[in-house]
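Okay, so here's the structure we're looking at.
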Amino acid sequence: MQSRLLSVASGSSPLENNVQLMSAAVIIFEHSFYIFEKQRYLPDKQKSVPSFIVALEQYIASPHAAAVREGVSVAVQLYEEAATAAARAYDEAVTTATHTYQGKPSTWTAKLPFEPFKKKAQKAFERSKEKEKEAFERSKKKEKESLRSQAMAELIKTILEITSNHRLPRP
Numbered sequence: 055m056q057s058r059l060l061s062v063a064s065g066s067s068p069l070e071n072n073v074q075l076m077s078a079a080v081i082i083f084e085h086s087f088y089i090f091e092k093q094r095y096l097p098d099k100q101k102s103v104p105s106f107i108v109a110l111e112q113y114i115a116s117p118h119a120a121a122v123r124e125g126v127s128v129a130v131q132l133y134e135e136a137a138t139a140a141a142r143a144y145d146e147a148v149t150t151a152t153h154t155y156q157g158k159p160s161t162w163t164a165k166l167p168f169e170p171f172k173k174k175a176q177k178a179f180e181r182s183k184e185k186e187k188e189a190f191e192r193s194k195k196k197e198k199e200s201l202r203s204q205a206m207a208e209l210i211k212t213i214l215e216i217t218s219n220h221r222l223p224r225p
């Protein structure tokens with residue numbers, strides 16, 4: 055079944071293939087339940103073709119298959135672009151922060167009278183800068199995850215809409 059449904063979707067990302075397959079499976083199985091219910095009352099039950107095969111063939115032959123494939127393709131591409139943009143923004147922010155936090159301690163440490171005090175002040179300065187950098191990276195990482203979660207929620211909403219709008223008619 056998977057090879058028949060994805061034969062047209064060559065060159066797609068694994069996410070796109072999975073989402074297309076799941077969308078098609080939902081539509082096909084829903085339709086197969088209607089077909090099964092209809093076949094249940096036929097007098098020659100033994101000769102009837104399994105309902106999911108009938109539903110699969112009807113789905114593949116319908117214009118719904120192409121519409122679902124196209125809609126899913128667009129939705130997944132938008133999600134992947136949003137996820138890539140979030141990752142790129144995170145990387146740029148962290149790279150910028152790395153350069154920002156590589157400063158030197160203020161001039162007051164140079165005025166300290168003894169070398170041990172200067173070293174202690176330098177270490178304290180480095181620790182504080184490292185903590186600031188880590189806090190900044192954590193906040194940017196949370197922001198990136200939030201953007202990805204929003205994009206995923208939008209993808210799921212779109213896929214559900216596509217799937218519900220392209221159901222096969224009841225037999």
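Just so you know, the sequence shown maps onto residues 55 to 225 in this note's numbering. Ideal Cβ positions, reconstructed from N, Cα and C, are used throughout, including at glycine. Quantities reported herein were computed from a predicted structural model and do not represent experimental measurements.
Compare the beta carbon distance of residue i and residue j with 7 Å and say whether it is the shorter of the two.
i, j, result
"arginine 224", "tyrosine 88", "yes"
"leucine 209", "alanine 129", "yes"
"valine 122", "isoleucine 216", "yes"
"arginine 202", "alanine 143", "no"
"isoleucine 82", "leucine 110", "yes"
Counting C-beta neighbours from all protein chains within 10 Å, is the total for residue i 16 or more, i.e. buried, or is it exposed?
i, result
"alanine 189", "exposed"
"glutamine 204", "exposed"
"leucine 214", "exposed"
"serine 182", "exposed"
"serine 77", "buried"
"alanine 120", "exposed"
"serine 218", "exposed"
"serine 86", "buried"
"serine 200", "exposed"
"valine 103", "exposed"
With DSSP as the reference, label residue i as helix, strand or coil.
i, result
"tyrosine 113", "helix"
"histidine 256", "Outside the shown range of the chain, which is 55 to 225, sits residue 256, and nothing can be said about it."
"tyrosine 144", "helix"
"valine 62", "Here the model assigns valine 62 a pLDDT of 48, short of 50, so the residue's position is not dependable and the matter cannot be decided."
"proline 68", "helix"
"tyrosine 155", "Note that tyrosine 155 scores 49 on pLDDT, short of 50, meaning its location in the model is unreliable; the coordinates nonetheless yield the value given after this. Tyrosine 155 falls in the coil class under three-state DSSP."
"arginine 202", "helix"
"tyrosine 95", "coil"
"serine 182", "helix"
"isoleucine 210", "helix"
"serine 105", "helix"
Pop quiz: residue i and residue j are said to be a contact at Cβ under 8 Å. What is the actual Cβ separation, rounded to whole angstroms?
i, j, result
"alanine 147", "lysine 194", "5 Å"
"glutamine 93", "leucine 222", "Between leucine 222 and glutamine 93 the Cβ distance is about 16 Å, and since that is not below 8 Å, they are no contact."
"valine 126", "glutamate 70", "7 Å"
"glutamate 124", "serine 67", "Actually they do not touch by this definition, with Cβ atoms about 15 Å apart."
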